[in-house]
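These notes concern the structure reproduced below.
Numbering (full-length UniProt numbering), first residue to last: 1 to 134.
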């Protein structure tokens, strides 16, 4: 088995595409007005509209802008530099300024426009750095 993707369901695909392009500095592929992807070496972040829920059994399957359990995580080269770059953009949605976590990652937490929690992190201890060497 190979984990490949996480999908966010939203009522506004374009708004999330614009947000993730801005914060990641990467271009997302917008396949249709209902579906986009950010493809990375480690996996894919997919964004689907509420209209796509009909393909999965109906509106009861997922609810946009209601996530309070998952964190979308991106490993970055320098989390403090990313914080400085994004400070104005994420000021109203900042959950935690860069902080070194007990497991060795320096972490920045903020919310996307739908309220999903996003973590930009940089491994900073020798053990955390080794964990991500592949």
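Ideal placement from N, C-alpha and C gives every residue a C-beta, glycine not left out.
At the C-beta level, residue 76 and residue 120 come within 7 Å of one another. If you draw a straight line from the Cα of residue 44 to the Cα of residue 74, it comes to about 11 Å.
The beta carbon of residue 52 is closer than 6 Å to those of 34 in its chain, skipping five residues each way along the sequence. In the three-state reduction of the DSSP assignment, residue 108 falls in the strand class. Rounded to the nearest whole angstrom, the C-alpha separation of residue 7 and residue 1 is 18 Å. The C-beta of residue 129 has fewer than 16 other C-beta atoms within 10 Å across all chains shown, which makes the residue exposed.
Between residue 116 and residue 72, the C-beta gap is smaller than 7 Å, which places the two residues in contact. When the five nearest sequence neighbours on each side are left out, no beta carbon in the same chain lies closer than 6 Å to the beta carbon of residue 25. With respect to the C-alpha of residue 107, the residue from 91, 41, 83, 87 having the closest C-alpha is 83.
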